[in-house]
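Residue numbering for the sequence shown follows the numbering used here, starting at 93 and increasing by one per position. All residues carry an ideal CB built from backbone N, CA and C; glycine is no exception. Owing to the predicted nature of the structure, the values given are computational and were not obtained by experimental measurement. As structure tokens, the structure follows; a few thoughts come after it.
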Amino acid sequence: MKKGKKLYEGKAKIIYACAEKNLVIQHFKDDATAFNNQKKSVIEGKGILNNRISEHILTCLSQAGIKNHLVKRINMREQLIKHVSIIPIEFIVRNIASGSLTKRLGIEEGTVLDNPLIEYCLKNDKLGDPLISKEHILTFKWATKKEIEKIDKQLNRINDFLVGMFRGVGIKLVDFKVEFGRLKNSNDVILADEISPDTCRLWDMNTEKKLDKDRFRNNLGNLIQAYQDVARRLGILHEQSNIRPIKFPKPKAVKLKKNK
Ligand code: UDP
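What follows is the structure, given as structure tokens:
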């Protein structure tokens, strides 16, 4: 698949044009950012893992009847996807309190919510992706009432599916962020972007070990190993995987004291 010109570059992905009508290529970078771009790094192999994990999850969602932009993965870092215009809203679904919810409202980290909580944030880096209400969305016409109703229903279905899928492999789905886009020449809104450990909070069921981007946000280390663990549990990555080479950081040299 020949790549055309770059159409858009985000923090973790690039979108390229391609020869196929109404389709584009999504490229996963190794770049990691947090705290509204204040913390940045390159984590070798992250893009490859996210490409595979997101492909797996979106394929499963598709099989469960949840339409999304994925057409097929075309190589280690790229997917062929439907060209959509992204609705400028980050849709967050929470099952357990963590991250910005705990800071904003003083809710204790780890509090299990009685029902999934949907939050909307404006996708605007300059403003720090502020939390917005449905009324803001309608007043400023970021999406229509019909679109939001459809998306809310899909968010609950996506959450139910993902909670079950991760529970089956010993992982708690704490929360996640998704994006939706409008298909060209149609009124349809479909799930787009990615679903990966970059966009979800995933805790090991027994130990509550974090298996997601919080390892980067909170300097916990071993991010690649955690993403590999998720991929392995989902049955994507096998011991003899072709997701190689992933180089691990060299251990720091230790100065040995001279014997007196
Ligand atoms: N999230 C994301 N991209 C963003 C903001 C949040 O993928 O720009 C995900 C994040 O990984 C978590 C969920 O959305 O799984 C809720 O994030 P939260 O609002 O707690 O944000 P944070 O703690 O990252 O500020």
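Starting from residue i and walking both ways along the alpha helix (DSSP H), at which residues does that stretch end?
i: residue 151; result: 138-155
i: residue 357; result: The structure shown does not extend to residue 357, since the chain is modelled only from 93 to 352, so the question has no answer here.
Helix, strand or coil for residue i per DSSP?
i: residue 135; result: coil
i: residue 315; result: helix
i: residue 279; result: coil
i: residue 310; result: coil
i: residue 261; result: coil
i: residue 251; result: helix
i: residue 327; result: coil
i: residue 360; result: Because the chain in this structure spans residues 93 to 352, residue 360 falls outside the shown range and cannot be described.
i: residue 305; result: coil
i: residue 267; result: strand
i: residue 338; result: Reliability of the predicted coordinates at residue 338 is poor, the pLDDT of 49 falling under 50, and no value is obtained from them.
What span of residues does the beta strand (DSSP E) with residue i cover, start to end?
i: residue 117; result: 115-120
i: residue 123; result: 123-126
i: residue 109; result: 105-110
i: residue 296; result: 292-296
i: residue 159; result: No beta strand (DSSP E) contains residue 159, which DSSP labels as neither H nor E.
Going by beta carbon distance, what residues of the same chain come within less than 6 Å of residue i, once the five residues before and after it are set aside?
i: residue 156; result: 253
i: residue 293; result: 190, 266, 267 and 304
i: residue 203; result: 189
Can you list, in chain order, the residues of its chain with a C-beta nearer than 8 Å to that of residue i? Leave out the 5 residues immediately preceding and following it.
i: residue 312; result: 302 and 306
i: residue 154; result: 160 and 162
Report, in whole angstroms, the separation of the C-beta atoms of residue i and residue j, which I expect to be a contact under 8 Å.
i: residue 186; j: residue 193; result: 6 Å
i: residue 63; j: residue 160; result: Outside the modelled stretch of the chain, which goes from 93 to 352, sits residue 63, for which no answer is possible.
i: residue 104; j: residue 120; result: 7 Å
i: residue 239; j: residue 281; result: 5 Å
i: residue 259; j: residue 176; result: No, residue 259 and residue 176 are not in contact; Cβ-Cβ is about 30 Å, not under 8 Å.
i: residue 172; j: residue 99; result: The Cβ separation is near 14 Å, so there is no contact.
Just to confirm my understanding: we take residue i, look at its own chain, exclude 5 residues before and 5 after, and list those with CB closer than 7 Å. What are they?
i: residue 277; result: none
i: residue 82; result: This structure does not reach residue 82, given that the chain is present from 93 up to 352, and the question cannot be answered.
i: residue 224; result: 212, 213 and 214
i: residue 150; result: 160, 162 and 287
i: residue 230; result: 237
i: residue 222; result: 213 and 214
What are the complete alpha helix (DSSP H) segments, minimum 4 residues, inside the stretch 168-221? Residue ranges of uninterrupted alpha helix (DSSP H) with 4 or more members, entirely inside the stretch 168-221 and ordered along the chain, are 192-197.
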